[in-house]
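A.B. asks: In my numbering, the protein residues as written are 10 to 247.
In this text, a Cβ means the ideal position worked out from N, Cα and C, and glycines have one as well.
Before we start, here is the structure in question, set down as structure tokens.
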Amino acid sequence: MIASIGVNLDLIVFDCDGVLVDSEVISCRAHATTLMRHGYPITEEQVLQRFLGVSDREARLIIEREMGRSLPNDFESQVKAATLQFYAGDLNAIAGVADAIAAISLPKCVASSGTPEKIQHGLDCANLTDLLAPHIFSATQVKRGKPAPDLFLFAAEQMRARPGRCLVIEDSVPGVTGARAAGMPVLGFHGGSHCQPGHAKLLRDAGAIATFDNMRQLPELVGQIAQKPAVIAGFSPL
Numbered sequence: 010m011i012a013s014i015g016v017n018l019d020l021i022v023f024d025c026d027g028v029l030v031d032s033e034v035i036s037c038r039a040h041a042t043t044l045m046r047h048g049y050p051i052t053e054e055q056v057l058q059r060f061l062g063v064s065d066r067e068a069r070l071i072i073e074r075e076m077g078r079s080l081p082n083d084f085e086s087q088v089k090a091a092t093l094q095f096y097a098g099d100l101n102a103i104a105g106v107a108d109a110i111a112a113i114s115l116p117k118c119v120a121s122s123g124t125p126e127k128i129q130h131g132l133d134c135a136n137l138t139d140l141l142a143p144h145i146f147s148a149t150q151v152k153r154g155k156p157a158p159d160l161f162l163f164a165a166e167q168m169r170a171r172p173g174r175c176l177v178i179e180d181s182v183p184g185v186t187g188a189r190a191a192g193m194p195v196l197g198f199h200g201g202s203h204c205q206p207g208h209a210k211l212l213r214d215a216g217a218i219a220t221f222d223n224m225r226q227l228p229e230l231v232g233q234i235a236q237k238p239a240v241i242a243g244f245s246p247l
């Protein structure tokens with residue numbers, strides 16, 4: 010489908026896991042390993058399917074309801090330790106993302122479901138910190154994580170940008186849902202190693218105005234969206 014869309018953009022909002030760093034599979038492995046140790050049977054594939062894009066806090070509440078008991082007070086610390094251990098050997102930046110960030114002249118920030126420590130460590134491992142710091146925001150800074158709009162609205166407020174003039178780059182359905190609830194257009198990225206066939210359709214069905222699987226496409230897409238009017242193949246009206 011070809012549609013016309015034009016948006017005056019003030020800010021590009023990047024999710025972190027699966028958009029900036031190819032970390033979703035690693036994070037799911039850490040969560041599954043830790044949950045299994047505490048008697049909750051789940052595979053890393055099931056973690057990916059059920060909790061992709063969901064904040065650690067929200068995922069914990071869901072799991073504790075199903076278990077009928079609380080996880081240990083230091084559960085997040087245990088997951089963090091496992092994640093950082095896996096990160097050290099396996100984490101890479103999404104291919105082409107550093108060049109894409111550098112090629113976009115608009116202000117940029119990160120809005121991620123991860124903890125500040127996890128986000129920072131991931132960006133450090135992928136050599137992306139200097140391109141995005143200090144504008145890095147975590148779901149721990151708001152009452153509700155994705156798919157609620159709180160984190161995106163908080164990021165826009167901190168960056169002094171109008172929500173309708175922020176473009177979000179997301180890889181998960183909860184992320185797309187939250188951004189749309191915040192009144193922000195979203196591009197759905199499906200080029201991470203965790204993305205299965207059909208993932209692009211899930212993102213479009215959730216409200217992404219277009220999807221792409223190569224970060225080298227991003228600067229051109231941003232430029233097209235910022236034109237008035239712009240004609241973009243594959244976009245659906247908001």
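1) Quick one: what does DSSP say C37 is sitting in, helix, strand or coil?
2) From D142 to C37, what distance separates their C-alpha atoms?
3) Output the distance between the C-alpha atoms of V182 and G62, rounded to the nearest integer angstrom.
4) Give the single residue among G123, A135 and L137 whose Cα lies nearest to the Cα of L160.
5) Classify T220 as helix, strand or coil using the three-state DSSP reduction.
6) From the DSSP output, read off the bridge partner residues of D26.
7) Considering only C-alpha positions, which residue in the set V185, G207, Q205 and P172 is nearest to G197?
8) Comparing alpha-carbon positions, which option in A91, I72 and S32 lies nearest T42?
9) According to DSSP, simplified to helix, strand and coil, what is A12?
10) Of all the beta strand (DSSP E) runs that stay within the bounds of the region 143-219, which reach a length of 3 or more residues?
11) Can you find the residues in the same chain that come closer than 7 angstroms, C-beta to C-beta, to Q150, ignoring five residues on each side of it along the sequence?
12) Is A242 helix, strand or coil by DSSP?
C.D. replies: Looking at the coordinates:
1) The three-state reading of DSSP puts C37 in helix, counting H, G and I together.
2) According to the sequence shown, residue 142 is Ala rather than Asp. C-alpha separation (whole angstroms): 25 angstroms.
3) The straight-line gap from Cα to Cα measures roughly 7 angstroms.
4) Answer by Cα proximity: G123.
5) In the structure shown, T220 falls within a strand segment according to DSSP collapsed to helix, strand and coil.
6) D26 is bridged to V30.
7) When V185, G207, Q205 and P172 are compared, the shortest CA-CA separation from G197 is found for V185.
8) Looking at the Cα atoms, A91 is the closest of the given residues.
9) Unreliable placement is indicated for A12, whose pLDDT of 43 sits below 50; no coordinate value is reported for it.
10) The region 143-219 contains, as complete beta strand (DSSP E) runs of 3+ residues, the segments 145-147, 175-179 and 195-198 (chain order).
11) Non-local C-beta neighbours of Q150 in its own chain, meaning closer than 7 angstroms and more than five positions away in sequence, comprise F163, ordered along the chain.
12) Because A242 carries a pLDDT of 38, less than 50, the predicted location of this residue cannot be relied on, and the following value inherits that uncertainty. If DSSP states are grouped into helix, strand and coil, A242 belongs with the strands.
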